[in-house]
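A quick write-up on the structure given underneath.
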Amino acid sequence: QAADYSKEHPLKVALVVHGFLGDKSFMDSAAAGLEKAKAELPVDVKIIEAGNDPSRWQPALADATDAGYDVVIAGTFDMTGFIVDLAPQNPETKFIIFDDAPDFSKCSCSNVLAIEYQTSSAAYLAGYAAAELSKTGTLGTISGMEFPTVTNFKVGFDEGAKAARPDIKILSQVAGTFDDPAKGKEIARAQLDQGADVIFPIAGATGIGALQAVRDAHKLAVGVDSDQATIFAATDQAQANVIFTSVEKRIGRSLYIALKDTIEGQAKYGTRLLLGLPEGAVGISRNAYYEKLVPAGLRAEIDAVEQKISKGEIVPETLLK
Amino acid sequence: MTTENMAPLLQAIGISKTYPGGVVANDNVNIAVNAGEVHAVVGENGAGKSTLMKILFGVEQADSGELRLVGEQVRFGSPRAAINAGIGMVFQHFSLVPSFSAYENIVLGSEPRSGIRFDRRKAIEEVRALSARFRLHVDPLQPVRQLPVGQQQRVEILKALYRGGRILILDEPTAVLTPQEVTELFSAIRALVAQGRTVIFIAHKLPEVLEISSRITVMRGGKTIGEIETKDATEQKLANMMVGREVTLRVERKPYNGKVTLAVNRLSLMNELRATVCDDVSLTVRSGEIVGLAGVAGNGQAELIEAIAGLRSVAGGDIAIGGESILPLGVRARRGKGMASIPEDRISQGLALGASVAENLVATRLDDRLFARGGLLDLGEMRANAERLIERFSIRIDGPNALAATLSGGNMQKVVVARELSEQPRLLLVSQPTRGVDLGSTQFIWRILTETRNAGAAVLLSSADLSELLALSDRLMVFYRGRIVAAFRNSDELTTEMLGACMLGLSRQSPEEMRAALA
Amino acid sequence: MSEAATTRRWAVLRRETGRALGAAIIALAVAFLIILFSSKTPLQAFATLTTAPITKVRTVGLWIDDVAKLTVAGLAYSLVFQARQFALGVQGQVYVGALAASYIALSPLGQTWCAIPLGIVCAMAGGALWGFLPGIAKARLGANEIVSSLMLNYVAIELANYLIRVDLTTPNSRLLSTAPFPSTAVFPALIPNTRIDIGLIFALTSVVAVWFALYRTSWGLKLRLVGHNSRFAQYAGIKEAFIIVSAMAASGALGGLLGAMFVEGRSFGKLAVSFEGNLAFEGLLIAIVARNRPLAVPVAALFYGYLRQGAQLMSIRTDVPSEIIVIVTAVIILLVASSYSVKPRAMLAAITRSSRPARTHVEAVK
Amino acid sequence: MIELLATVFSAAFFLTVIRTSTPLLLATLGGLIADLSGALNVALEGIMLVSCLTAVVVSVYAPWYVAVIAALLAGAFLGSVMAFFHLRLKADIVLVGFAINIFASGATVFALTLATGGDKGSSTNLISKPVPALDLSFLGMVPGVGGLLVRTLSGHSVLSWLAGLLVFVLWYFLYRTSWGLQLRSVGEHPSALEAAGVSANALRGWSLVASGALAGLAGAQLSMFNYVGFTRDMTAGRGFIALGAVLLGARHPVGALLAALLFGMFDALSVVMPGLFNWIPAELIRMIPFVVTIVALILFSYRMKLTSTTFDH
Ligand SMILES: Nc1ncnc2c1ncn2[C@@H]1O[C@H](COP(=O)(O)OP(=O)(O)OP(=O)(O)O)[C@@H](O)[C@H]1O
Ligand SMILES: Nc1ncnc2c1ncn2[C@@H]1O[C@H](COP(=O)(O)OP(=O)(O)OP(=O)(O)O)[C@@H](O)[C@H]1O
Ligand SMILES: [Mg+2]
Ligand SMILES: [Mg+2]
C-alpha cells in the first residue's frame, strides 16, 4: 500500500479547524505539522477553518468527508462525537482525532486513530523550573476554560512547582474565553500586581495577551502548546525574551508521524495513542532562551527530573489515564 | 412717496408647487407686497398660504415661477438666503427650543462671538435693546418653556428682527392669542411698520385682518383669487371670495335642565416639574349642557381635561361622574362609564397615523364585545362600523382600509370626532375642536357638538377661540394661573373682551358673582 | 374588500418585493466584487456561493434547518419592532430557553414522551422571563430597552456557561457540554439523515400564530397602535405598559422556543457552550427585510438562509472567508432601511439633493 | 475582604481602572455628541472595532501617533457613512447603527486575513506599536507626596490624558460656544435651527462624524494600549456599555466621565476578584459589568421618573 502514494497521486488530507488559525499554539501547531508533511511526504493538505460557530463544525467535517479526502483530521472533544457518527458511514475515509479519544469499545471506529497527550508530565517540568526561577515565591496560571485537556497542564505545573518549593504560592484564574487577549492581559497584570513573577497562560489567544503583560513587566512566562519563544522571535524579540520555556504539546509532530505511518501502512487505526515524554510528543522547549534564562545548574536538575519521570520514578498527577 | 411707480418690495409671479405625492399646493400664484404695508393673505385650510410663505422664506422651492425683490429676480435656496435678503418668518407652529432661554432662542444661528466663545453678555444686551426698540417686552433670561404663548410669539418676532428682517412674515400669529394679546401684537406690528418694516400677515379671523392690514390677497384651492384694498373689503365679501359660497356660523340651542354629571371638587394638579398647575378647582357639568373653559394656553385648563380623561394623576381633590369618584379608574374604565374625549392635538394624540381608518375608529372600544370577542377581532363588524361612521360624518376617503396618514387635516379631525361620538357619550371632553379647521368643517363640528349636548351629554369644552366658546357654551369658566377666576352664564351681553380681561388676570369676579354661575 | 384597497395592497406588495429584490441584487453584486478582489478562483467561489446549498440533500437540509431557526428569530424581532420597542434580547432568550429545555431533557422526564412538549413549554417560559425583564424596566421606569436587553444577552451567555460547567456536564467528562439528550428529547426528523426536523413545523406554526395574534386579535391591534403612536394608545385607554411588557415577553417566548429548537434539534441534540453562533442576531436582518410582517418573514429567511449556507460552503471549499456574508448582510440592511426607491434616477436625486432630518427611532419611541 | 480593600485602594488598581475606563470614556463622549444632536449612535461598538484594526495595521508601518490618527479617521469615516444613510437616505438611525456593527464584525475579520496573510483570529503576526504611557516620574521630586503622585499619575496612556482633556473640551464646546448651542438645539427641536437658517442636517452629520472619530480614538486605546494587537470582536460589548453610560451620564460630559469610571471600575474588579475569591465562579464575576450596567440604568431611570413625570396608570 505504501507505494500507492506519490507526488502525483498524493495522500489527500484535510484538517478541519473548529475555530481559526493564528492562535500561536494549538491549531497552529497542527497546521505546522501538516505543512511539514506536505513538504516532505507525498501528501496534499487542505486546511478548513470552520470558525467559532459550533453549528458549522459538523457540516464542515461532513463536507470534507464528502469531498473525498483520504484522511480527515480534527481535534479535541468538540469534534469527537461528529467523527464517531461519520466514521461508520464512510469506511473508505480515515479519521484522525487529536487531543481526545472516543470510547473505542462502544463505537465502530476501526478507521479512526485517536491521539492524546500526557501534558501534565511536561508541565511538571515547567512548574519545577518556574518555582525555582521565581524570586517572589508566587506563580500565576491563567486557564482559558476549565476542561481536562487544559486543566491537565495546570495539574502538572502545580505539582512540579510544589515539588521544587513546597511553600510556593500559585495564583490561578479562569478567563472563560480563549480569544480575548485584552482580558488575558488584564488578568496577567493583576497577577503580577499581586506578586507573581512567573506566569503560565494556558488560554490560546487570551494567553497571548497575558504574555504581552509579562513582556511589558519584564517578568517571566511559560509558553504553551508550541515553542512560543521561537514563534515570537521572528516578530517580537522582547516577547521571546521573557518566555524561558514552553510546555509543548507537539501536535504537529504527532500528526506528521501519524500521516507517515499511514502512508507506510503502519498506523494503528481503531486505537487510541496516549503519548508522553518518552515518545517526545510532549516536552519543554530547550531553545536559546532556555539556555539564556535558566541557569545551567537548574537545567541539569530538570534533566534529572525528566529522567525520573521517563523511568517512572516520579509519576505526575494526571487527568488522562 | 408714490408707491404706484415703484416696483413692489417683494413679488411672487406664477408660483406653482406640487408636493411629492401629488398635492398641488400652489398653482400659478401671484402676490405683490409693497414696502411699508401690512399685507394680509387669507384662505381656507389647505388653500396654500403656508406653502407660499415657505417658498418666500426659502424653506420650500417653487417648481415654477419667480420671486422678485425690489424688481430684481432672486432665488432662495434655503432660509439662510432669504434671511440674508432681509426676510424673517414666524411659523404657524413655533420653532423655539423649549429648554433654551429667550435670548438663546433669539440669537440661535447668528450668535455674537468673541473668538470661538459664544458671547452671552453681548447677546443679552442686544436682545434687550431690540425688545425696547420695538416695544416687544420679554425677559431674555427666562426659559421659553416657561413663557406664555403670547410672549413666545414675541420671542419669535424678535428672532426674525434680530436677523435684520425688513420683511416679516407672520403665519397665523393670532390663532393662540387672547384678544388683549392680539391688541398688543397689533400695536407691535404698527410700531414695526412705523419703523419702516413690511409685514405679511395670515389669519383666519376676518375682523382681525380687516383691522390690521392695508391690502389683502385671497387664496382658494392653491390659486390666488384676487387682491383687494382693505378699505374696500367687508367680512362677507372676503368670506365669499375664500369659500366661493355663503357661510353662516350660527348654532341653535335648546334650553337645558339636566342633572349633574361631572363634578370636580377642589382639584389640585401638578406638572412634570412638580409645580402646581391646577389649584383648588371646583366645577360641575350637567347633562345637556356645554361648559366652556377659557384661558390663555398654559393656565391649567388643558391639564384639568387630561386629569378628567385619566391621563394625569391628581394631587388632591376629587373627580366624580354621576356622583361616583372616578379617581381610582384608568382611562379605559372611565370610558366605560360613558366618557368620550376629543383631544387637542389630533396627530400626536388623537390618531395612529400608520393604522387604517377602520382601526382608528375602534381603538377606544377594543374591549367592546361588538368588535372583540374572546380577544379575537371581528373584522367584518369593524368594517361595517367604519362604513357607517364615514357615511354619517361624511369623511372623504378611499375606504375603511385607507391609512389615517393619507387624510387631510379636516378629515382627520372628523375621524376623531366620529370615533368619540359613535355612541352617545354621557360626558364629552373637547379641546380645540376646530383649531386649524376651515369654515365648512367648523360649522359641521359645531353642529355635531350641539346635537350631542341636546341628546343629553355633559360637555366640557376648552378652546382658544373665544368666539367658538361664546357660540357653543351654556356656561363659561375662566382659568388664570391654575384657578377659576371668573364664571359666567352665557348671554348676549358677554363679550370676548370681558373674557379676555379675566383671562389675563386684569379683572376679577366677586365670590358671589362666581358662585352664581358655578353651580 | 374594496377594489381600491386590493389594488393598493398589491402595489405595496410589489413595491416592497421590488425593494427587497433590488437590495438583494445590489448586495450580491457587492459580494461578487469582494470575491473578485480577494479570491484566486473567483468564479468557482461565486458559483459555490450561489449554487452549493442545493447540490446535495445534506446541504439542502442545512439550509432548511437554518431557515426554520432564522424564521423564529425574525418573528421574535418583528413582534417587538411592531410595538416600536427596539429590544435586542433574542440571543439571551435563546440561551435561557436552551437551558430550560436541557434541564427537562436531562431530568427523568426527558426519558418520556412529554420531554419535547414540556421542554418547549419550559424553554418558552424561560425566554418569556428574559423578555419580561427589560420589558418591565422599560414600561415602568423607561429604562432604555436597547441597552438593557443587550446587557441581558451577555448575562444569559455567562449563566449558560456557568450552569453547563458546574451543573449540566456529566461528571468527569471532558466536555463543556451536556451529554447527548435521550432520543425521546430530540426532535424527530422529517426527512431522514438531514437536519430537517419538526423544528420546521414549529417555525411555520409560529408564523401563523404571530400573524394571527397581530392582525386578528385585539391584543395585536393594541400592540400595533402602541407601535404607531404611544400617546394615542394611552389616550385611547390601551394599557401601554401591559402591551410593551407582554410584547417583549411574547417575543421572549419565541426566543426561548428558538433555544429549544437549537438544543433539541437534530443539529445538536445536546447543550454546549456558545452553541448559537450569532444566528439570533441575524434574525434582525430578517425582520428588517420583511418589514416586520410575519408572513414575509419566512420568505426573507428562505432567501437569507440560502446565502448564509452558500457562504459557509464557500468558505469551506474555497479561499474566500465566510465573513463576506456578514458584509453582504450589512449592505442589505442599509439598503432596505433606506428610503431609496429601486429607480436609479430617484436614488441619484436623493443622493444629490439635501433633505430634511429623518425621524429617528428615539423621537418616535419617546 | 481585607485583601479586596487593599487591592481596590492600591495604586495598581487605580491604574487599571483608568486603563479600562479610557476606551469607555472616549466612546461615551462619542455617543454623547450623537445623542445630543438627536441621533442615538448604536454603532459605537462596530466603529471601535474597525478603528482597533485600523490602528494596529497602520502602526505596523507608521509611528504610533499616525496610527491613532488613522483610527480616528476610520471612525470619522464610518460616522459619515451613518450620516449619509440616516440623513440623506432617511434610514432609521438604529438600523443604520446595527448595519455598521454587523459590517464591522465581518469586515474586520476579512481585512485581518488580508493584512496577516491568512489569520482570522488575531494580529499576532503583525508587529504593531503601542500608544506610549506618559512617564511622570519626575514628580517623585515633590516632597512628601512625590511617591504617591508617581504611582497614581505616571504610566497612564497618552490617550487617557487626552480623554480627560476632551471631557473639558466637550463641555466648553457644548456650553460655551455658539456651535454647542446649535448642536443642543438640534437634538431638542431641529426645526428651530432650520428656521434660523442653519441646516440641522449638516450639524447632525458633523455630530455623527465627531461621534465616530471619538469612538475611533476609543478603538485606538483598546488595541494600542489595553492590549497591543487586534483580535476578532475584541471590543466585547464595550460599545454598548458606553451607550448605557451615555444614558446614565445624564447626557452631560461630566456625567459621562463618572459613568465611564463606574463601569471601568467594575470591569477592573471583575479582573482582580477571581484572584482573591476563588470560590466565586468566574462566569458570575464576568457578569458584573453587564449586571452593573442594567442595575445602574434601572436606578437612573427610576430617579428620573421620580423627579420628572407624575404620570401613571
Ligand atoms: N410637506 C407637505 N407634503 C405634502 N403636502 C403638503 C405638505 N405641506 C402641505 N401640503 C399640502 O399642501 C396644501 C397646502 O397646504 P398649506 O399648508 O399651504 O395650507 P394653508 O393654506 O396654510 O392651510 P392652513 O390654513 O390649514 O394653514 C395642503 O393640501 C396640504 O395638505
Ligand atoms: N404630508 C402629506 N403627505 C401627503 N399627502 C398629504 C399630506 N398632507 C396632506 N396630504 C394630502 O393633501 C390633500 C389635502 O390635504 P389638506 O390637509 O390640505 O386638506 P384641506 O384642504 O386642508 O382639507 P381639510 O379642510 O379637510 O383640512 C389630502 O388628500 C391629503 O391626502
Ligand atoms: Mg398654514
Ligand atoms: Mg388642512
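Residue numbers (the numbering used here), protein chains in the order written: chain Y, 224 to 544; chain W, 145 to 663; chain U, 121 to 486; chain E, 324 to 636.
The beta-carbon is built from N, C-alpha and C at its ideal position, and this holds for glycine as well.
Taking the Cα positions, serine 469 of chain W is about 30 Å away from glutamine 557 of chain W. Residue pairing of tyrosine 624 of chain W in beta bridges, as defined by DSSP: W:Arg627.
Contact check for glycine 187 of chain W and arginine 364 of chain W: beta-carbon distance about 6 Å, within the 8 Å limit, so the pair qualifies.
For the region 200 to 225 of chain W, the set of residues with a beta-carbon nearer than 9 Å to any beta-carbon of chain E comprises Phe201, Gly202, Val203, Ser222, Pro223, Arg224, Ala225, in chain order. Of the other Cβ atoms in all chains shown, fewer than 16 fall within 10 Å of the Cβ of tryptophan 130 of chain U; this residue is therefore exposed.
Taking 8 Å as the CB threshold, glycine 519 of chain W lines the interface with chain U.
Residue nearest to phenylalanine 201 of chain U within the set U:Phe388, U:Leu427, U:Ile363 is U:Ile363 (criterion: CA-CA distance). At a cut-off of 8 Å between beta carbons, phenylalanine 408 of chain E contacts chain U. Taking C-beta atoms as the reference points, isoleucine 454 of chain Y and leucine 434 of chain Y fail to come closer than 8 Å. For the beta strand (DSSP E) assignment, the uninterrupted runs of no fewer than 3 residues enclosed by the region 532 to 590 of chain W are, from N- to C-terminal side, 571 to 575. A residue is called buried once 16 or more other Cβ atoms fall within 10 Å of its Cβ, and methionine 434 of chain U is buried on that count. Between glycine 440 of chain E and chain U, the shortest Cβ-Cβ separation is not below 8 Å. For the region 499 to 520 of chain E, the residues whose beta carbon sits under 7 Å from a beta carbon of chain W are, in order, Arg499, Thr500, Ser501, Leu504, Gln505, Ser508, Glu511, His512, Ser514, Ala515, Leu516, Glu517, Ala518, Ala519, Gly520. Note on aspartate 326 of chain Y: under 16 other CB atoms within 10 angstroms of its CB, so exposed under the neighbour-count rule. If only uninterrupted beta strand (DSSP E) runs of at least 3 residues are considered, none is enclosed by the region 228 to 282 of chain U.
Between the beta-carbon of leucine 219 of chain U and that of methionine 368 of chain Y there is about 18 Å, and that puts the pair past the 8 Å contact cut. Per the DSSP secondary-structure output, alanine 407 of chain W pairs in a beta bridge with W:Thr428, W:Ala464. The Cβ of glycine 353 of chain E sits no closer than 8 Å to any Cβ of chain U. Contact annotation: the region 590 to 607 of chain W does not touch the region 512 to 528 of chain W, with fewer than three C-beta pairs closer than 8 Å. According to DSSP, lysine 269 of chain Y shares a beta bridge with Y:Ala237. Per the coordinates, the alpha-carbon of glycine 294 of chain W lies some 11 Å from the alpha-carbon of threonine 327 of chain W.
Aspartate 462 of chain W and alanine 369 of chain U have their C-alpha atoms spaced approximately 37 Å apart. Take isoleucine 318 of chain U, set aside five residues on each side of it, and the residues of its chain with a beta-carbon closer than 7 Å to its own are Phe307, Pro308, Leu310, in chain order. Counting along the chain, the unbroken alpha helix (DSSP H) around methionine 658 of chain W starts and ends at 655 to 662.
At a cut-off of 8 Å between beta-carbon atoms, alanine 246 of chain W makes no contact with chain U. Taking 8 Å as the threshold, the shortest C-beta distance from asparagine 281 of chain U to chain Y falls below it. With 16 or more other Cβ atoms from the protein chains shown falling within 10 Å of its own Cβ, serine 366 of chain Y counts as buried. Residues Arg307 of the same chain have their beta carbon placed closer than 7 Å to that of isoleucine 227 of chain W, with the five preceding and five following residues left out of the count. Among the residues facing chain U, alanine 516 of chain W is included, as its CB has a counterpart in that chain under 8 Å away.
A Cβ-Cβ separation of about 30 Å leaves alanine 549 of chain W out of contact with glycine 482 of chain W under the 8 Å criterion. Nearest to valine 288 of chain W by alpha-carbon distance, out of W:Arg597, W:Ser635, W:Glu248, is W:Glu248.
In its chain, beyond the 5 residues on either side, Val240, Gly242, Phe243, Leu244 have a beta carbon closer than 8 Å to the beta carbon of glutamate 272 of chain Y.
Nearest Cα to isoleucine 406 of chain U within the set U:Gly389, U:Tyr426, U:Glu396: U:Tyr426. With a contact defined as Cβ atoms closer than 8 Å, isoleucine 434 of chain W and leucine 616 of chain W qualify at about 5 Å.
From the listed residues U:Leu133, U:Thr161, U:Ala147, the smallest Cα separation to aspartate 439 of chain U is found for U:Thr161. Taking a contact to require three or more Cβ pairs closer than 8 Å, the region 339 to 356 of chain E and the region 413 to 426 of chain E do not qualify as touching.
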